[in-house]
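Numbering (our numbering), first residue to last: -19 to 194. Note that CB positions come from ideal geometry on N, CA and C, so glycine has one too. Because the structure is a prediction, the values reported are computed rather than measured. Scroll down for the structure; my scribbles are underneath it.
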Ligand SMILES: Nc1nc(C(F)(F)F)ncc1COP(=O)(O)OP(=O)(O)O
Ligand SMILES: [Mg+2]
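Next up, the structure:
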């Protein structure tokens, strides 16, 4: 599956986002249609060291079973050490050029909050952009001001064709707004980690929006 298709329903999760076993949540999410997964162990109560590594390996194993790309957030060394399919880094993380050198042709995702950051990420070799926050979110307490899907529309109007996922407060009730703005897919945390049984409804929402756009 090409990267643009893999970005349709991008589940981002760490143990801190789950009320029960993260492995069970991921298994249920993958069977519900998740097309790409990012391990984002971050914030208070997150695991570190050996427990974090063990969970990462278990989650990677589940992704391999479903043939879904397994991405690590922020920690490039961990991604290389465990043979992840790629990393996602933000504006304050390591420089894009330096990470691209370490990664070779693995997937490199970059957080972008405006057209300028998107243009820079494109020129520096990003494979996809995570753009947000789309809506109010309780998951990320240090996020930038809410932009809404119009920032994706602006990126497309400025000719940025790179694969894009919106992130931030997305659920089945607003997923169509992100897709109609020109996004290739959506990245979600709580909408799936708190309700993995609703994954298929979210996936259907993405699919319906894509069908309407043809
Ligand atoms: N993890 C992420 N994944 C995406 C995705 F691509 F999945 F949409 N977009 C944005 C982020 C944010 O990453 P984080 O490390 O929390 O913050 P920062 O961007 O400040 O590094
Ligand atoms: Mg980051």
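How many Å lie between residue 133 and residue 162 at the Cα? 6 Å
Considering residue 106, what are the terminal residues of the beta strand (DSSP E) in which it resides? No beta strand (DSSP E) contains residue 106, which DSSP labels as neither H nor E.
Looking at the unbroken beta strand (DSSP E) that takes in residue 87, where does it start and where does it end? 87 to 92
Cβ atoms of residue 129 and residue 146: under 9 Å apart, would you say? yes
Can you find a heavy atom of ligand 1 that lies under 8 Å from the Cβ of residue 73? yes
Just the Cα atoms here: how many angstroms apart are residue -10 and residue 30? 26 Å
Ignoring anything shorter than 3 residues or poking outside the region 47 to 72, list the beta strand (DSSP E) runs there in chain order. 50 to 53 and 66 to 69
If you draw a straight line from the C-alpha of residue 42 to the C-alpha of residue 54, how long is it? 21 Å
Beta carbon of residue 112 nearer than 9 Å to that of residue 148: yes
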